[in-house]
Amino acid sequence: MSQVLSQLLTELRKNTRLRIGLWFIIAIIMTYSILVLNDYHVQLKRDYHTALTRLNKLQGLAKQTLWPERAVQVQDLRTQLEARLWQANTKGLAQAIFQSWLQEEVFFAQIKQSRLQVETAIEVPKNPNLWYVSAEVKGIFVQKRFYSLLLEIAKSPRTIVTERLDIRQSSPPRFTLILKAYFKRN
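Just so you know, we're using numbering that gives the first Met the number 0 here: the sequence shown kicks off at 0 and counts up by one.
Structure, rendered in structure tokens:
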């Protein structure tokens with residue numbers, strides 16, 4: 000090992016290009032190290048400013064005195080929204096209730112060649128007491144009758160979400176309406 004080291008030192012003393020190359024490599028390594036440290040410093044500053052901004056926002060929110068009032072407002076809104084949910088004891092009953100209601104509305108709207116397909120109730124993720132039932136209504140598109148159906152869906156005191164509506168220009172024009180009803184377990 001010492002022989003290799005002494006040979007290297009001898010070569011360094013004799014060969015100018017080797018010394019210049021070695022100093023150049025050392026300069027590159029030092030420059031790279033400085034750049035890496037600078038990037039690390041910039042990232043730390045950015046993280047510090049982000050944390051400081053977040054802390055200031057949280058302190059500002061903590062100083063607000065409206066939180067109890069807001070909690071009451073949120074609870075009132077939640078109660079109103081939950082009152083608009085359909086009610087059922089079981090998933091099967093939820094499906095039957097929605098299917099029955101939708102069949103009645105399609106019948107009263109006099110939708111011709113109607114087809115109704117209601118899926119089984121599915122539990123809403125992270126909320127075991129809430130289900131949704133999807134339904135697909137297909138039929139011949141007659142503007143007045145179709146608008147009558149949409150009006151009844153919109154006027155429903157219970158929450159019904161229109162997922163998709165397709166109207167195809169064929170002879171006769173046809174529509175596909177996909178709805179979703181949300182049920183709360185009794």
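Every residue gets a Cβ at the ideal spot worked out from N, C-alpha and C, and that includes glycine.
Alpha carbon to alpha carbon, how far is residue i from residue j?
i      : j      : result
Met0   : Leu7   : 11 Å
Thr89  : Ala153 : 25 Å
Gly20  : Val35  : 22 Å
Trp130 : Ile110 : 28 Å
Gln42  : Leu51  : 14 Å
Lys143 : Ser113 : 15 Å
Arg173 : Asp75  : 42 Å
Val73  : Glu122 : 24 Å
Gln102 : Ser169 : 24 Å
Excluding the 5 residues flanking residue i on each side, which residues of the same chain have their C-beta closer than 6 Å to its C-beta?
i      : result
Gln98  : Val117
Val132 : Ala93, Gln94, Phe97, Ala120, Ala180
Asn185 : Gln86, Asn88
If I'm right that residue i touches residue j with Cβ under 8 Å, what's the distance once you round it to whole angstroms?
i      : j      : result
Glu68  : Lys183 : In fact, because the Cβ distance is near 27 Å, the residues do not count as touching under 8 Å.
Glu162 : Glu104 : Wrong, their Cβ atoms sit about 16 Å apart, outside the cutoff.
Arg83  : Thr158 : 5 Å
Please go through the same chain and pick out, in chain order, the residues whose beta-carbon is closer than 7 Å to the beta-carbon of residue i, but skip the five residues on each side of it.
i      : result
Ser147 : Ala108
| task | Give, in chain order, every unbroken run of the alpha helix (DSSP H) that is at least 4 residues long and sits entirely within the region 41-75. | result | none
| said: Could you check whether the region 133-153 touches the region 165-178, counting it as contact only if at least three pairs of C-beta atoms, one from each stretch, sit closer than 8 Å? | reply: yes
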